[in-house]
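Undergrad: Its first residue numbered 1, the sequence shown is counted upward by one per residue in UniProt numbering. From the three backbone atoms N, C-alpha and C, an ideal C-beta is built for every residue, glycine too. Predicted model, so just to flag it, every value in this text is computed and none were measured. Have a look at this one.
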Amino acid sequence: MRRREVMTFTAGALLGFLSGPGFLRAQPADEVLEPDFSEAPPVTFAEGERVPTLEEYRANLEALTGAQNPFEAEIRLGKKLLEDISSDQTPYQIAFRFHQWRQGLVGATDKEKRQYSYYTREWPIRGNPIIMGYFDATGLRTPEGDTTYWCAAFVSWCIQKSRENKRDNGRVWPYERGAGSAAYRTWGKDVIRELNSSPMTGDLAVFQHQRTPWRGHVGFVHEVNGTAIRVLGGNQGAQNDFNGGEVNISKFSTQPAGSLKFHSFRRHEALG
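Have a look at this one:
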């Protein structure tokens, strides 16, 4: 999984693409149009750069464009769509619901299915408010060292969501140590080395960059077959110029492959 170029959230970067045809497209105040994914590269945030809150991002957009940009309506729709996610589930089940969104399996109409689907991937022109909101669960909003920069934020959000009605909410995931996957390398127990067990669906799979060890990736174990691991996670996908990361199930390996090598399977009571 290669590192792709990122578009950072600065006034200079924004001014370079805010004039694109998709940014100021006229539309009713409460209607959200699916972005044209051929218009621009996915909007991401550079390693080491703080991911703004939705309020900060909106304020910066309005300072540059005025209130005519459609981000406010996109935030409202994102919040409405998130009502579909129940906290009475395990973190893996919550993550899998997002996967169902992406597959077009959620929604009563074709329009609703499309809306759920494109809210699970990076957008061009503007940041996806749901993806930016995943960093609310990390405590720290600066991703450091991830091959896929919001993978750990997605995992953290799913864990936090599953703990909403439990007294231990706020202490069972390693958000205080950063917004990156490395925080999960010592979380819970190593399934193989410490528990002398085999990975199960819902455990975490943690990976490390081969040349720069502080980088990596994390996601939920969907299935393990020999050396092949199918990982349910965030910011997985083609990750090319016009197809950014998304929530999906991707194939990884316990053997070194590409830029990543397997680190460990992790198990924690908070994973259900």
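Terminal residues of the continuous beta strand (DSSP E) containing Ala228?
TA: Membership of Ala228 in the beta strand (DSSP E) is indicated by the continuous run Ala228 to Gln236.
Undergrad: Considering only the beta carbon of each residue, do Gly202 and Leu105 sit closer than 8 Å?
TA: no
Undergrad: Taking the alpha-carbon positions, what's the Ile159 to Thr90 distance?
TA: Cα-Cα distance, rounded: 8 Å.
Undergrad: Considering only their Cβ atoms, is the gap separating Pro42 from Gly180 smaller than 8 Å?
TA: no
Undergrad: Going by the DSSP bridge assignment, what does Arg121 pair with across the sheet?
TA: Glu246, per the DSSP bridge assignment.
Undergrad: What residues in its chain sit with their C-beta under 7 Å from that of Lys79, if we drop five residues either side in the sequence?
TA: none
Undergrad: Would a C-beta distance cut-off of 8 Å place Ile249 and His217 closer than the cut-off?
TA: no
Undergrad: Give every residue of the same chain whose Cβ lies closer than 8 Å to the Cβ of Gly237, excluding the five residues on either side of it in the sequence, and list them in chain order.
TA: So the list reads Arg121, Asn243, Gly244, Gly245, Glu246, Asn248 and Ser250, once near-sequence residues are dropped.
Undergrad: Within 10 angstroms of the Cβ of Glu164, are there 16 or more other Cβ atoms? Answer buried if so, exposed if not.
TA: exposed
Undergrad: For Thr227 and Phe262, I'd like the C-alpha separation in whole angstroms.
TA: 10 Å
Undergrad: Which first and last residues belong to the alpha helix (DSSP H) in which Phe71 is found?
TA: Boundaries of the alpha helix (DSSP H) harbouring Phe71: Phe71 to Leu82, taken from the DSSP string.
Undergrad: Taking the C-alpha atoms as reference points, what is the distance between Asp190 and Ala59?
TA: 43 Å
Undergrad: In terms of alpha-carbon separation, which member of Pro213, Leu232, Glu55 and Lys113 lies closest to Phe154?
TA: Leu232
Undergrad: Rounded to whole angstroms, what's the CA-CA distance from Arg167 to Leu64? Just pull it up for me.
TA: Taking the straight line from one Cα to the other gives about 42 Å.
Undergrad: From what residue to what residue does the beta strand (DSSP E) around His263 run?
TA: Looking at the DSSP string, the run of the beta strand (DSSP E) that includes His263 is Leu260 to Arg267.
Undergrad: Would you kindly work out how many angstroms separate the C-alpha atoms of residue 303 and Arg97, rounded to a whole number?
TA: Any property of residue 303 remains undetermined from this structure, which presents the chain solely from 1 to 272.
Undergrad: Are the CB atoms of Phe71 and Arg114 within a distance shorter than 8 Å?
TA: no
Undergrad: When you compare the CB positions of His268 and Gly188, do they come within less than 8 Å of one another, or not?
TA: Yes.
Undergrad: Near Leu112, which residues of its chain fall below 8 Å by C-beta distance, leaving aside the five closest residues on each side in sequence?
TA: For clarity, residue 112 is Glu in the given sequence; the question names Leu instead. Result list for Glu112: Val106, in chain order.
Undergrad: How many angstroms separate the CA atom of Phe265 from the CA atom of Pro199?
TA: 6 Å
Undergrad: Would Ala137 pass as a contact of Ser156 if the rule is Cβ separation under 8 Å?
TA: yes
Undergrad: Could you check what DSSP says for Asn196 in three-state terms: helix, strand or coil?
TA: If DSSP states are grouped into helix, strand and coil, Asn196 belongs with coil.
Undergrad: What's the call for Ser162, buried or exposed, on a 16-neighbour Cβ count within 10 Å?
TA: buried
Undergrad: Return helix, strand or coil for Ala205, following the three-state DSSP convention.
TA: strand
Undergrad: From Gln210 to Glu74, what distance separates their C-alpha atoms?
TA: 38 Å
Undergrad: Apart from the five residues just before and just after Ile85, which ones in its own chain have a Cβ nearer than 8 Å to its Cβ?
TA: Same-chain partners within the cutoff: Ile94, Arg97, Phe98 and Lys161.
Undergrad: Straight-line CA distance for Arg215 to Tyr184?
TA: Each residue's alpha carbon lies about 12 Å from the other.
Undergrad: Which whole-angstrom value describes the C-beta separation of Tyr134 and Gly234, a residue pair presumed to lie in contact below a C-beta threshold of 8 Å?
TA: 7 Å
Undergrad: Between which two residues does the alpha helix (DSSP H) harbouring Gly127 extend?
TA: Premise fails: Gly127 is in no alpha helix (DSSP H) and is neither H nor E.
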